[in-house]
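For what it's worth, my numbering labels the leading residue of the sequence shown as 6, then goes sequentially. Only one structure is covered here, and it is reproduced in the block below.
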Amino acid sequence: MGLNIVPGRDQRMKKQVFESCARALDDSEFYGEEILTGITGLPEPVASEDWKRCDKVLADWMRARPKPQFCPYDDHTTVLLGQDHINRANDILKGLFTLPDSKGGFITESLKGEFEWSPAYAPGNTYHPPKMFRYHLNQHEPLSSLAEVYNQTTETQYRDRILTLLMDWIRRVPTYWKLLQSNECERQHWQNMMTRNRFEKWLDIFPLISAVLSDRDAVDLMKAMVHHAWLMDEYVGQHMGSGISGTLVGMIKVNLKFATLFPETRMARQAASTFKQHFRTGIETMFYPDGGLKYCCTGYHRAVSAWYVQAVGLSKGLSIGEIDHEREMVWRMQTYSARLMKPDGNVPLLGDTGVNIMAGSETDWRKKLLNEMDPDTPSQALKWSGAYAMRSGWETDDLYLFFNAGPHGTMHNHQDYLSLEVSGFGKPLIVEPGITPYGRAEQRNQLISSPAHNTLTVDGYGQHRSHLEPTEPSTNPWHTSPEFDYVEGTFDEGFGPDQSLKVTHTRSVLFIKDEYFLVIDRLTGDGLHDVRWHYMFYPQSLELGSDGTSVHSNEVDGPNVAFFWSDPELSAEIIQGETVYPYRGLMTSQEDRETSSLILEARACLPSSTAFLIEPFREEKGSVMTLSRMEAEKGVAVMVEHPDGKDVVMISPTVSGDLRTDGVATVFRSRSDQYYCVLAYGGTSVTVGGVPVADMDISISWH
Numbered sequence: 006m007g008l009n010i011v012p013g014r015d016q017r018m019k020k021q022v023f024e025s026c027a028r029a030l031d032d033s034e035f036y037g038e039e040i041l042t043g044i045t046g047l048p049e050p051v052a053s054e055d056w057k058r059c060d061k062v063l064a065d066w067m068r069a070r071p072k073p074q075f076c077p078y079d080d081h082t083t084v085l086l087g088q089d090h091i092n093r094a095n096d097i098l099k100g101l102f103t104l105p106d107s108k109g110g111f112i113t114e115s116l117k118g119e120f121e122w123s124p125a126y127a128p129g130n131t132y133h134p135p136k137m138f139r140y141h142l143n144q145h146e147p148l149s150s151l152a153e154v155y156n157q158t159t160e161t162q163y164r165d166r167i168l169t170l171l172m173d174w175i176r177r178v179p180t181y182w183k184l185l186q187s188n189e190c191e192r193q194h195w196q197n198m199m200t201r202n203r204f205e206k207w208l209d210i211f212p213l214i215s216a217v218l219s220d221r222d223a224v225d226l227m228k229a230m231v232h233h234a235w236l237m238d239e240y241v242g243q244h245m246g247s248g249i250s251g252t253l254v255g256m257i258k259v260n261l262k263f264a265t266l267f268p269e270t271r272m273a274r275q276a277a278s279t280f281k282q283h284f285r286t287g288i289e290t291m292f293y294p295d296g297g298l299k300y301c302c303t304g305y306h307r308a309v310s311a312w313y314v315q316a317v318g319l320s321k322g323l324s325i326g327e328i329d330h331e332r333e334m335v336w337r338m339q340t341y342s343a344r345l346m347k348p349d350g351n352v353p354l355l356g357d358t359g360v361n362i363m364a365g366s367e368t369d370w371r372k373k374l375l376n377e378m379d380p381d382t383p384s385q386a387l388k389w390s391g392a393y394a395m396r397s398g399w400e401t402d403d404l405y406l407f408f409n410a411g412p413h414g415t416m417h418n419h420q421d422y423l424s425l426e427v428s429g430f431g432k433p434l435i436v437e438p439g440i441t442p443y444g445r446a447e448q449r450n451q452l453i454s455s456p457a458h459n460t461l462t463v464d465g466y467g468q469h470r471s472h473l474e475p476t477e478p479s480t481n482p483w484h485t486s487p488e489f490d491y492v493e494g495t496f497d498e499g500f501g502p503d504q505s506l507k508v509t510h511t512r513s514v515l516f517i518k519d520e521y522f523l524v525i526d527r528l529t530g531d532g533l534h535d536v537r538w539h540y541m542f543y544p545q546s547l548e549l550g551s552d553g554t555s556v557h558s559n560e561v562d563g564p565n566v567a568f569f570w571s572d573p574e575l576s577a578e579i580i581q582g583e584t585v586y587p588y589r590g591l592m593t594s595q596e597d598r599e600t601s602s603l604i605l606e607a608r609a610c611l612p613s614s615t616a617f618l619i620e621p622f623r624e625e626k627g628s629v630m631t632l633s634r635m636e637a638e639k640g641v642a643v644m645v646e647h648p649d650g651k652d653v654v655m656i657s658p659t660v661s662g663d664l665r666t667d668g669v670a671t672v673f674r675s676r677s678d679q680y681y682c683v684l685a686y687g688g689t690s691v692t693v694g695g696v697p698v699a700d701m702d703i704s705i706s707w708h
């Protein structure tokens with residue numbers, strides 16, 4: 006994305022490239038065009054071009070601004086900061102800055118005096134400190150670190166350091182770093198994202214420093230803020246409706262913060278106008294009708310949707326009307342996260358999502374939202390997004406499975422179609438790798454590919470999907486009831502880089518409430534193929550069972566899981582904490598946590614089917630179930646044995662022994678070898694020995 010600079014009309018931007026943003030506006034332009042004369046005492050000095058007096062009036066007005074509701078610093082009543090936060094702020098006082106690198110770590114640099122804030126771009130150059138360090142530095146994250154500690158301690162050394170760094174930046178550093186020969190700003194989009202993030206920090210911090218701003222500080226800061234707001238407003242107008250519209254809505258939101266704090270400026274009026282003109286486009290471009298972000302990435306959904314929610318909240322304070330549709334859509338964005346969230350408060354690790362368990366007020370937010378939603382059932386389907394959550398309930402200890410069967414997202418997504426995650430009794434049991442730091446190129450390329458996810462590959466080839474905009478919600482079979490849940494998805498786009506390996510993978514998931522999950526994989530195509538499954542288990546104590554058809558964990562301080570497969574011919578291998586290629590058993594989304602990857606392999610003649618039984622159990626109990634395949638003329642039939650009896654599960658219209666069904670999923674439940682219950686989804690005829698179940702002393706639940 007680029008923004009060409011046209012001589013004359015865009016001189017402001019050109020000045021902003023080559024000069025500091027505090028110098029980009031002269032006084033006549035600033036007071037004559039940007040600051041409205043509705044400020045008491047300002048019209049007369051503006052008319053007489055008494056700029057010094059204008060500075061005094063404006064500075065007094067800025068120092069008297071009331072604290073806005075969006076300010077995150079709450080009069081020294083925040084949760085007490087840890088010593089590491091205080092140490093980080095103390096280091097900044099001494100000129101030591103600790104900021105992230107691009108590989109999941111941190112770098113500490115000594116930067117004193119008039120240090121160089123901005124990196125220079127040169128192909129093939131090695132930067133020190135790296136560019137990622139400079140990005141975080143120029144987003145003014147150190148100012149937030151100082152502000153948090155000042156807000157808690159009220160020690161003025163932290164506030165004074167904020168002022169020193171802030172004024173040094175706005176008086177010495179161009180907002181943009183470099184122009185290309187074409188007069189286009191290099192890495193325009195990244196620089197604008199930093200502009201947004203930096204500007205928002207200024208607005209949040211302003212109430213902490215406003216009372217001690219000198220006249221000159223106040224005016225220079227206002228000029229810099231007006232320029233940041235103007236730059237983002239221009240960028241929004243030129244690119245809204247493109248694939249970066251979510252980022253642009255983040256810019257709209259920050260400009261609405263500016264409008265809330267300084268409503269008498271011309272840019273405040275422009276911010277409100279831009280919201281009314283472009284916000285709905287930002288919704289339609291980035292979100293499905295069910296409220297899911299088109300990235301199809303739960304972590305980015307939380308971040309991006311928060312900008313939309315905050316923007317609508319700010320618009321209310323600015324009395325912007327006629328936005329009922331916008332309010333409804335941000336409500337759906339919020340409920341998306343609540344509907345899919347794991348019992349421990351984390352969201353599924355779909356795409357570039359990191360482990361970020363909610364706590365405190367965020368947990369209260371979820372409970373409040375669920376009360377407002379009042380969902381009919383704990384299991385939820387978001388059919389535009391193709392995201393499904395099976396639950397036994399909404400409490401922390403309930404059983405949970407997430408299933409991904411939706412469109413391939415526009416960005417930040419992986420080749421993980423038909424993958425799943427499982428939680429039980431308050432802990433994750435089967436997980437996805439989630440986000441890998443962007444600076445680890447080789448590792449990231451491997452961990453976004455199909456072999457790293459809880460799905461399968463054929464002849465060594467995985468999925469290579471690309472984004473196709475859906476025109477309607479998914480038609481995946483889905484059922485939920487108090488007794489059981491069922492969902493099904495099909496991958497038929499072809500395996501391999503050119504998608505030429507025409508094998509179709511259909512995955513069905515059945516949840517018998519409060520007991521177990523059953524996964525059925527069916528492969529259709531021709532000939533013999535090597536099939537490999539990968540499942541990543543969160544417990545580190547995974548062991549292969551003596552029967553060779555199961556694994557189980559042995560955690561002593563948490564829940565465990567047993568995992569069975571229906572076919573003894575599958576070979577099994579457990580790999581843990583692989584720090585070199587192909588990085589199996591490694592959870593990069595949680596600081597490279599060691600996990601257990603189960604690799605299962607078989608030589609299969611297609612069509613074929615394989616079943617997997619997932620049994621979560623508490624640490625004080627052992628596994629009590631078994632899984633076996635049954636002969637079937639059609640479809641798939643397996644038996645799950647447990648202490649209360651046996652379940653015969655039949656997927657698709659199936660005949661197995663004396664059992665027959667035309668349903669999508671049918672469960673025959675028996676006790677002491679007597680059938681007492683049938684659960685059926687999607688059919689009209691179920692018989693035992695040729696006799697309809699409806700004519701027998703067997704209860705049947707049709708769905």
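Just so you know, even glycine gets a beta-carbon here, dropped at the ideal spot from N, CA and C. Because the structure is a prediction, the values reported are computed rather than measured.
> Smallest Cα separation from Gln595: which of His708, Val514 and Ile440?
Replying inline: Walking along the sequence shown from the start, residue 595 turns up at place 590. Of the listed residues, the one whose Cα sits closest to Gln595 is Ile440.
> Among residues of its own chain, excluding the 5 on either side of Gly46, which ones have a beta-carbon nearer than 6 Å to its beta-carbon?
Replying inline: Residue numbering aside, residue 46 sits at position 41 when the sequence shown is read from its first letter. Contacts found: Val62.
> Among Ser614, Arg139, Glu39 and Leu506, which one has its Cα closest to the Cα of Val641?
Replying inline: The sequence position of residue 641 within the sequence shown is 636, counting from 1. Checking every option, the nearest Cα to that of Val641 belongs to Ser614.
> Between the C-alpha atoms of Phe516 and Leu684, what's the straight-line distance to the nearest angstrom?
Replying inline: Position 511 of the sequence shown, counting from 1, holds the residue named residue 516. Position 679 of the sequence shown, counting from 1, holds the residue named residue 684. Cα-Cα distance, rounded: 12 Å.
> Would Arg512 pass as a contact of Val524 if the rule is Cβ separation under 8 Å?
Replying inline: Taking the first residue of the sequence shown as position 1, residue 512 is located at position 507. Taking the first residue of the sequence shown as position 1, residue 524 is located at position 519. Yes, these two residues count as a Cβ contact at 8 Å.
>> From the DSSP secondary-structure annotation, give me the bridge partner or partners of Pro697.
In response: Locating residue 697 in the sequence shown gives position 692, counting from the first residue. Pro697 is bridged to Thr692.
> Can you tell me whether DSSP reads Lys720 as helix, strand or coil?
Replying inline: This structure cannot speak to residue 720, because the chain is shown only from 6 to 708.
> Can you list, in chain order, the residues of its chain whose CB lies under 7 Å from that of Arg294, leaving out five sequence neighbours each side?
Replying inline: Taking the sequence shown and counting its residues from 1, the one referred to as residue 294 is at position 289. First, the amino acid is wrong: residue 294 is Pro here, not Arg. Hits under 7 Å: Trp389.
> Taking 7 Å as the line, does the beta carbon of Tyr686 fall inside it for any heavy atom of the ligand GDP?
Replying inline: Absence of the ligand GDP from the depicted structure is noted, as is the absence of any ligand whatsoever, leaving it without description.
>> Between which residues of its own chain and Thr358 is the CB-CB distance below 7 Å, once the five residues before and five after are set aside?
In response: Walking along the sequence shown from the start, residue 358 turns up at place 353. Closer than 7 Å at Cβ, skipping near neighbours: Cys302, Thr303, Gly304, Val352, Gly439, Ile440 and Ser594.
> With DSSP run on the structure shown, which of helix, strand or coil describes Asn409?
Replying inline: By 1-based counting over the sequence shown, the position of residue 409 is 404. It is a strand residue.
>> Quick check on the DSSP output: the beta strand (DSSP E) that includes Ile112 runs from which residue to which?
In response: Here the question's residue 112 lines up with position 107 in the sequence shown. For Ile112, the enclosing beta strand (DSSP E) starts and ends at Phe111 to Ser115.
>> Does Leu533 pass the burial test, meaning 16 or more other C-beta atoms within 10 Å, or should it be called exposed?
In response: For the purposes of this step, residue 533 is taken as residue 528 along the sequence shown, with counting starting at 1. That one is exposed.
>> Does Leu375 come out as helix, strand or coil in the three-state DSSP assignment?
In response: As a first step, residue 375 must be located in the sequence shown, where it is residue number 370. Of the three classes helix, strand and coil, the one that applies to Leu375 here is helix, per DSSP.
>> Between which two residues does the alpha helix (DSSP H) holding Ile764 run?
In response: Nothing can be reported for residue 764, as the shown portion of the chain is limited to 6 through 708.
>> Taking only three categories from DSSP, how would you classify Glu331?
In response: Here the question's residue 331 lines up with position 326 in the sequence shown. Correct three-state label for Glu331: helix.
> How should Tyr543 be labelled, buried or exposed, when 16 other C-beta atoms within 10 angstroms of its C-beta is the threshold for buried?
Replying inline: As a working note, residue 543 is residue 538 in the sequence shown. With 16 or more Cβ atoms within 10 Å of its Cβ, Tyr543 is classed as buried.
> Out of curiosity, what's the CA-to-CA distance linking Tyr586 and Gln451?
Replying inline: By one-based count along the sequence shown, residue 586 stands at place 581. By one-based count along the sequence shown, residue 451 stands at place 446. Answer to the nearest angstrom: the Cα atoms are 8 Å apart.
>> In this structure, how does DSSP classify Lys388 when only helix, strand and coil are distinguished?
In response: To locate residue 388, count along the sequence shown from 1; it is residue 383. Of the three classes helix, strand and coil, the one that applies to Lys388 here is coil, per DSSP.
>> Run through the DSSP bridge pairs and tell me what Gly429 is partnered with.
In response: Indexing the sequence shown from 1 puts residue 429 at position 424. Looking at the DSSP assignment, Gly429 forms a beta bridge with Lys432.
> Going by C-alpha distance, which of Met67, Arg68 and Ser33 is nearest Val51?
Replying inline: One-based indexing of the sequence shown puts residue 51 at position 46. Per the Cα distances, Ser33.
> Going by the beta-carbon positions, is the gap between Ile604 and Ile580 smaller than 8 Å?
Replying inline: For the purposes of this step, residue 604 is taken as the residue at position 599 of the sequence shown. For the purposes of this step, residue 580 is taken as the residue at position 575 of the sequence shown. It is a contact, given that the beta carbons lie within the stated cut-off.
>> Output needed for Ala276: all residues of its chain with C-beta closer than 6 Å, excluding positions within five of it in sequence on either side, in chain order.
In response: Counting from 1 along the sequence shown, the entry for residue 276 is found at position 271. Residues Asn260, Leu261 and Ala264 of the same chain have their beta carbon placed closer than 6 Å to that of Ala276, with the five preceding and five following residues left out of the count.
> Does DSSP put Leu30 in a helix, in a strand, or in coil?
Replying inline: Counting from 1 along the sequence shown, the entry for residue 30 is found at position 25. Leu30 falls in the coil class under three-state DSSP.
>> Give me the DSSP bridge partner(s) of Asp402.
In response: In the sequence shown, counting from the first residue as 1, residue 402 sits at position 397. For Asp402, which the question treats as bridged, DSSP gives no partner whatsoever.
>> In the DSSP assignment, the alpha helix (DSSP H) including Met137 goes from what residue to what residue?
In response: Sequence index remark: in the sequence shown, residue 137 carries index 132 (1-based). First-last of the alpha helix (DSSP H) with Met137: Lys136 to Asn143.
> Run through DSSP, which three-state label would Pro522 get?
Replying inline: Against the sequence shown, residue 522 aligns to sequence position 517. Note on identity: in this sequence residue 522 is Phe, with Pro being the wrong assignment. Strand, per DSSP.
> Any idea which residues DSSP pairs Asn565 with across the strands?
Replying inline: By one-based count along the sequence shown, residue 565 stands at place 560. According to DSSP, which records beta bridges pairwise, Asn565 is partnered with Phe622.
> In this structure, does DSSP put Pro105 in helix, strand or coil?
Replying inline: Reading the sequence shown from its first residue, position 100 is the one you call residue 105. Three-state result, Pro105: strand.
> Considering Phe673, what are the terminal residues of the beta strand (DSSP E) in which it resides?
Replying inline: Within the sequence shown, residue 673 is the residue found at index 668, counting from 1. Counting along the chain, the beta strand (DSSP E) containing Phe673 begins and ends at Ala670 to Arg676.
> Among the residues of its own chain, which have a CB less than 7 Å from the CB of Gly550, if the five just before and after it don't count?
Replying inline: As a first step, residue 550 must be located in the sequence shown, where it is residue number 545. The beta carbon of Gly550 sits closer than 7 Å to the beta carbons of Val556 and His557 from its chain, once the five residues preceding and following it are set aside; these are given in chain order.
> What is the DSSP secondary structure of Tyr586, reduced to helix, strand or coil?
Replying inline: Here the question's residue 586 lines up with position 581 in the sequence shown. In the structure shown, Tyr586 sits in coil (DSSP, three-state: anything other than H, G, I, E or B).
> Nearest to Leu170 by CA position, among Thr158, Arg203 and Asp238, is which residue?
Replying inline: Taking the first residue of the sequence shown as 1, we reach residue 170 at position 165. Selected option, being the one with the closest Cα: Arg203.
> Using DSSP with H/G/I as helix, E/B as strand and the rest coil, what is Leu184?
Replying inline: The residue given as residue 184 occupies position 179 in the sequence shown. Annotation note: pLDDT 48 at Leu184 (below 50); position unreliable, coordinate value reported separately. Strand at Leu184.
> Between Ile288 and Gly297, what straight-line distance do the alpha-carbon atoms span, to the nearest angstrom?
Replying inline: As a working mapping, residue 288 is identified with position 283 in the sequence shown. As a working mapping, residue 297 is identified with position 292 in the sequence shown. Approximately 10 Å between the Cα atoms of the pair.
>> Please report the distance separating the alpha-carbon of Glu493 from that of Pro482.
In response: As a first step, residue 493 must be located in the sequence shown, where it is residue number 488. As a first step, residue 482 must be located in the sequence shown, where it is residue number 477. For Glu493 and Pro482, the distance between alpha carbons rounds to 5 Å.
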